[in-house]
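What follows is a single structure, written as structure tokens, with notes after it.
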Amino acid sequence: MYQNFIPGQYPSCFRGDPPVLSYIWKKRVGESFSPPRIMHSHDEISELLLVIEGSANYTVGESQYIIQEGDIVAIGAGVLHDEDARLTADTTMVAVGLRQVRLIGLPDGALVDAATCPVLSLGDSFPVFRSVLDTIHSLLNDNGEQYAETCQFLMAGLVSLFVRLYQHNAESDAPSGKGEQFVGRIRQYIEAHYSETISLPSVSRALHINPYYLAHIFKEHTGYSPMQYVIRLRIGKAQGLLMYTDYPITQIAGMVGYDNSSHFNAMFTKYIGMSPGKYRKKFRSSKGGK
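Residues in the sequence shown are numbered from 78 upward in steps of one, following the working numbering.
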């Protein structure tokens with residue numbers, strides 16, 4: 078017989094209470110309502126995203142990653158992230174939204190240090206994460222109110238396990254040097270002015286950076302040209318407004334930087350695969366929308 082005992086005292090990874098589970102969603106890209114959710118962020122919610130099968134092209138913050146089965150992605154509150162539909166046709170993912178994330182040694186809302194890679198390959202721990210998340214998803218589907226407390230405790234344990242694994246296994250993937258400083262400045266400018274008339278020359282003039290160097294260094298670090306980044310940011314913001322507000326589509330177009338609603342409709346359809354109106358209707362009729 079083998080026995081293991083829990084120590085009477087042990088260090089916690091949480092500063093105070095554990096995070097609060099806000100939602101869980103599971104989707105297979107290409108089925109039901111599952112268009113890509115492109116450039117967006119959550120001000121008060123952090124996310125852990127587990128790839129169950131397939132692969133995806135995912136951007137978190139300033140860097141782009143190829144994520145695949147067994148990877149988990151940590152997205153802090155307020156961090157821009159972007160799902161590219163081109164590589165996700167057969168991908169199944171499950172994600173949890175967490176409020177009140179306060180981990181030892183990290184700012185509020187952060188799941189990993191900003192200087193480290195947000196993608197962790199779980200290896201032998203993948204079945205554990207998949208099983209616990211499947212259990213949470215199933216319990217909430219059956220009777221969310223009855224099992225809410227159970228799911229909160231299960232999620233707190235999973236976050237704790239993630240933190241321990243990350244501390245032992247994650248390697249720094251932070252870009253460094255002068256180029257990274259430029260990219261940070263470019264991103265900040267775009268994110269502050271995306272709803273205005275913006276172009277490569279206007280960005281380069283505002284930041285006093287040669288436009289050719291600006292375009293080269295930005296794409297090298299992010300995987301997108303500056304104007305592709307602008308478009309994805311605009312469409313991502315529009316998705317959020319379509320899902321969670323009742324603003325008319327023409328007003329949303331103006332809010333995200335398009336003075337021509339026809340152009341907005343065309344760009345939205347190109348990147349999402351359906352018109353803004355259809356996207357809003359499908360989201361609101363879908364139980365799986367978040």
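Heads up, the beta-carbon is just placed ideally off N, CA and C, and yes, glycines get one too. Since this is a predicted model, take the numbers as computed values, not measurements.
query: I think R311 touches G334, with their Cβ atoms under 8 Å apart; what is that distance to the nearest whole Å?
result: Confirmed, about 5 Å.
task: Within 10 angstroms of the Cβ of R282, are there 16 or more other Cβ atoms? Answer buried if so, exposed if not.
output: Looking at its Cβ environment, which holds fewer than 16 other Cβ atoms inside 10 Å, R282 is exposed.
- request: Label H293 either buried or exposed according to how many other C-beta atoms from any shown protein chain fall within 10 Å of its C-beta, with 16 as the threshold for buried.
  value: Answer is exposed; the Cβ neighbour count stays below 16.
field: Simplified DSSP assignment, three categories, for M170
entry: Correct three-state label for M170: strand.
- prompt: Are at least three pairs of beta-carbons, each pair with one atom in the stretch 172-186 and one in the stretch 133-148, less than 8 Å apart?
  reply: Output reads no: the stretch 133-148 does not touch the stretch 172-186.
- prompt: Considering T274, what are the terminal residues of the alpha helix (DSSP H) in which it resides?
  reply: Bounds of any alpha helix (DSSP H) do not take in T274, whose DSSP letter is neither H nor E.
message: Classify D148: buried if its beta carbon has 16 or more other beta carbons within 10 angstroms, exposed otherwise.
response: Buried is the call here.
- request: Round the Cβ separation of G174 and I213 to the nearest angstrom and send it over; I've been treating them as touching at under 8 Å.
  value: Their Cβ separation, rounded to whole angstroms, is 12 Å, which puts G174 and I213 out of contact at 8 Å.
task: Alpha carbon to alpha carbon, how far is A330 from P88? Give it in angstroms, no decimals.
output: Rounded to whole angstroms, the separation of the alpha carbons of A330 and P88 is 50 Å.
message: Quick check on D159: buried or exposed, where buried means 16 or more other Cβ atoms within 10 Å of its Cβ?
response: With 16 or more Cβ atoms within 10 Å of its Cβ, D159 is classed as buried.
message: Taking 9 Å as the threshold (C-beta atoms), are P95 and A187 in contact?
response: A distance of 9 Å or more separates the beta carbons of A187 and P95.
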